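Protein chains: 2
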Amino acid sequence: MNPFCFRYSLFTLVLVICSTISDLAWAEKRYIDLTHPFDQSTIYWPTSRPFQLDEVHKGKTDSGFWYEANNFSGAEHGGTHIDAPSHFAKGRWRVDEIPLNRLIAPGILLDVSHKAEGHPDYLITENDFLEWEKIHGTIPEGSIVLVRTGWENFWPDKRKYLGSDKPGDTAHLHFPGFGSDAALFLSQRRKVGAVGLDTASLDFGQSKNYKAHQIFGEANISGFENLHRLAKLPPKGFRIIALPMKIGGGSGAPLRIVAEIE
Amino acid sequence: MNPFCFRYSLFTLVLVICSTISDLAWAEKRYIDLTHPFDQSTIYWPTSRPFQLDEVHKGKTDSGFWYEANNFSGAEHGGTHIDAPSHFAKGRWRVDEIPLNRLIAPGILLDVSHKAEGHPDYLITENDFLEWEKIHGTIPEGSIVLVRTGWENFWPDKRKYLGSDKPGDTAHLHFPGFGSDAALFLSQRRKVGAVGLDTASLDFGQSKNYKAHQIFGEANISGFENLHRLAKLPPKGFRIIALPMKIGGGSGAPLRIVAEIE
Numbered sequence: 439m440n441p442f443c444f445r446y447s448l449f450t451l452v453l454v455i456c457s458t459i460s461d462l463a464w465a466e467k468r469y470i471d472l473t474h475p476f477d478q479s480t481i482y483w484p485t486s487r488p489f490q491l492d493e494v495h496k497g498k499t500d501s502g503f504w505y506e507a508n509n510f511s512g513a514e515h516g517g518t519h520i521d522a523p524s525h526f527a528k529g530r531w532r533v534d535e536i537p538l539n540r541l542i543a544p545g546i547l548l549d550v551s552h553k554a555e556g557h558p559d560y561l562i563t564e565n566d567f568l569e570w571e572k573i574h575g576t577i578p579e580g581s582i583v584l585v586r587t588g589w590e591n592f593w594p595d596k597r598k599y600l601g602s603d604k605p606g607d608t609a610h611l612h613f614p615g616f617g618s619d620a621a622l623f624l625s626q627r628r629k630v631g632a633v634g635l636d637t638a639s640l641d642f643g644q645s646k647n648y649k650a651h652q653i654f655g656e657a658n659i660s661g662f663e664n665l666h667r668l669a670k671l672p673p674k675g676f677r678i679i680a681l682p683m684k685i686g687g688g689s690g691a692p693l694r695i696v697a698e699i700e
Numbered sequence: 439m440n441p442f443c444f445r446y447s448l449f450t451l452v453l454v455i456c457s458t459i460s461d462l463a464w465a466e467k468r469y470i471d472l473t474h475p476f477d478q479s480t481i482y483w484p485t486s487r488p489f490q491l492d493e494v495h496k497g498k499t500d501s502g503f504w505y506e507a508n509n510f511s512g513a514e515h516g517g518t519h520i521d522a523p524s525h526f527a528k529g530r531w532r533v534d535e536i537p538l539n540r541l542i543a544p545g546i547l548l549d550v551s552h553k554a555e556g557h558p559d560y561l562i563t564e565n566d567f568l569e570w571e572k573i574h575g576t577i578p579e580g581s582i583v584l585v586r587t588g589w590e591n592f593w594p595d596k597r598k599y600l601g602s603d604k605p606g607d608t609a610h611l612h613f614p615g616f617g618s619d620a621a622l623f624l625s626q627r628r629k630v631g632a633v634g635l636d637t638a639s640l641d642f643g644q645s646k647n648y649k650a651h652q653i654f655g656e657a658n659i660s661g662f663e664n665l666h667r668l669a670k671l672p673p674k675g676f677r678i679i680a681l682p683m684k685i686g687g688g689s690g691a692p693l694r695i696v697a698e699i700e
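The structure is reproduced here in structure tokens:
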């Protein structure tokens, strides 16, 4: 090969590789909103105060300009929201104390919807994650681990989503959640940053002791509940941005959560 | 030069360049939380319902596990929050309708704190932005434009921050805001994505017609108010992630806003 030709082709190679990597890095990012809106149809725990929006003003003022404003109220734990570790673990982070790198981090998605279909008491197991790892590799430390159970398809039908639509009825709740083995695996062996799913609770509907909440809380791992559009996520290769309302001393809060895909 | 040596050194160059670009792209990101927490000290408009947190439970349950939960309420427009365009403009986006690329975008910071110091009725002008552009270049379309007035230093002293700490008193409000010329410049000539500042309102305290709100709202430009820690931001070279609570039909909402610096 002529040295000039070689030099030229290698230089071209440098340009192509660099340009590709640079394009990858600065590529237009795509966002998927994983958040249900807060309105009259938003699902809350049967014993919790639901979301309420009270109109203060909507229309033209006497001065001639348009003006809209409202007041709002509700329980911390309803709709798409965060469970701070303190929700079920004494002395752990409250919602305003959670470091930002526990809320903004690379995400992974486990889809158990085919296993949970028709099994409203389904428990997500350690084995479900080991099967995921066989295909996609070890879940990296600090990851935000999301699980799709398929229950989001029932939203906002409260009876189908929770198992009961009677206010105050916690005896007949049926929906999937994390088994204790999965909670221990993710918190102690994989040291994940946060977890989330498309049901009303980290624990399954029939849980009486909320063991998954306790295990995750003890390990200062936050939970994201009532997530939306998880079917749109790939198994990995995205980043989660999960920013809760910064309630001082809150045990939880409304959460705006989006996936960023390059 | 020996062709082997040349090939080897060029190959090394490829590696070094690629590795540098790749490092830049995947570098550890640093986050700055620009959000005040919501608690008893959070500043609201003198006529608005303040933030309230009501404890539902905090302590051990009869079943032996720890449990914390609260209810909360307040006006949409208090603390660190977003003004949706619909707040002052009929038919414009409500808070749940704002596209995510208007909330997550490259940011710029204009610092007028030296000009506003001792001038609580200071109006941010088009000229302030033209001076910024002389040094840093034209503000790119779609940018999130933040202005530091220095008023954040007064938080949470309501009298110093607003000009009055009397409930219902809107006659004696004094703090800086956007002049109409600046609002027209940013919305029509620079077509920015969103704006924000470290005071209680886009308009200055003595405004009677809220002209900046009207101009920005008409152009579907959201406003971020009562921002925190703007002194920690460089003039450019950061990304803003501003995720409001997704209130269906809301004219505004509590906002969690962070800067991402590579």
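Chains as they are written, first to last, in the working numbering: chain A, 439 to 700; chain B, 439 to 700. Backbone N, C-alpha and C fix where the C-beta goes; we use that ideal spot for every residue, glycine too. None of these values were measured; they are calculated from a predicted model.
For Tyr469/A, the closest Cβ of chain B is nearer than 7 Å. Scanning the region 565-641 of chain A for uninterrupted alpha helix (DSSP H) segments of 4 residues or longer gives 596-600 and 618-622, listed from N- to C-terminal end.
The residues Asn508 and Phe510, in chain order, have a CB closer than 6 Å to that of Leu491/B in the same chain once the five nearest residues on each side in sequence are set aside.
Taking 7 Å as the cut-off, the beta carbon of Leu693/B is found closer than this to the beta carbon of Thr518/B. By the rule that beta-carbons nearer than 7 Å mark a contact, Ser660/B does not touch chain A. Per DSSP, the unbroken alpha helix (DSSP H) holding His552/A starts and ends at Ser551 to Ala554.
Within the same chain, Gly497 and Lys498 come within 8 Å of Trp504/B by CB-CB distance, once the 5 residues on both sides are set aside. Ser511/A belongs to the set of residues whose beta carbon lies under 7 Å from a beta carbon in chain B. Counting C-beta atoms within 10 angstroms of its own C-beta, Pro537/A has fewer than 16 neighbours from the protein chains shown and is therefore classed as exposed. For Ile678/B, DSSP records a beta bridge to Ala543/B and Ala697/B. The Cβ atoms of Leu665/A and Asp619/A do not sit closer than 7 Å to each other.
In this structure the region 648-655 of chain A does not lie against the region 674-684 of chain A, because fewer than three pairs of beta carbons, one per stretch, are closer than 8 Å. Going by DSSP, Ile653/B is part of no beta strand (DSSP E) but of the alpha helix (DSSP H) stretching over Lys649 to Glu656. Its Cα nearest to that of Trp589/A, the residue Tyr560/A stands out among Tyr560/A, Ile577/A and Ser501/A.
Fully enclosed beta strand (DSSP E) runs of no fewer than 3 residues occupy 490-498, 504-513 and 519-521 of the region 485-526 of chain A, in order along the chain.
The beta-carbon distance between Asp534/A and Gly687/A, rounded to whole angstroms, is 7 Å. This is short enough to meet the 8 Å contact definition. Between the region 588-603 of chain A and the region 468-484 of chain A there are three or more inter-stretch CB-CB distances shorter than 8 Å, so the stretches are counted as touching. When the beta-carbon positions are compared, Leu548/A and Leu681/B stay at least 7 Å from each other. His525/A belongs to the set of residues whose beta carbon lies under 7 Å from a beta carbon in chain B. Counting only Cβ-Cβ distances below 7 Å, Arg487/A has contacts in chain B at Asn509, in chain order. For chain B, the residues of the region 641-659 of chain A that bring a beta carbon within less than 7 Å of one of its beta carbons are Asn647, Tyr648 and Gln652, in chain order. Within the region 676-690 of chain A, contact with chain B at the beta-carbon level (separation under 9 Å) is assigned to Ile679, Ala680, Leu681, Pro682, Met683, Lys684, Ile685, Gly686, Gly687, Gly688, Ser689 and Gly690.
Across the set Leu671/B, Gly690/B, Leu668/B and Asn658/B, the C-alpha of Asn658/B shows the shortest separation from the C-alpha of Arg530/B.
Against chain B, the CB of Phe476/A has a partner CB under 7 Å away; the residue lies at that interface. The beta carbon of His610/A lies closer than 7 Å to those of Gly601 and Ser602 in the same chain, with the five residues before and after it left out.
In terms of Cα proximity to Gln478/A, the closest of Asp471/A, Gly516/A, Lys467/A and Asp500/A is Gly516/A. C-alpha of Val550/A to C-alpha of Phe567/B: approximately 52 Å in a straight line.
Here DSSP, grouped into helix, strand and coil, assigns Glu466/B to coil. By the rule that beta-carbons nearer than 7 Å mark a contact, Arg694/B touches chain A. When the five nearest sequence neighbours on each side are left out, the beta carbons in the same chain lying within less than 7 Å of the beta carbon of Glu698/A are those of Lys467, Tyr469, Phe676, Arg677 and Ile679, in order along the chain. Leu548/B carries a strand assignment under DSSP once its states are collapsed to helix, strand and coil.
A buried status is given to Asp521/A, since no fewer than 16 other beta-carbon atoms sit within 10 Å of its beta-carbon. Straight-line measurement puts the Cα of Ile577/B at about 22 Å from the Cα of Arg667/B. In the structure shown, Asp471/A falls within a strand segment according to DSSP collapsed to helix, strand and coil. Using a Cβ distance threshold of 7 Å, Pro558/B and His612/B count as a contacting pair.
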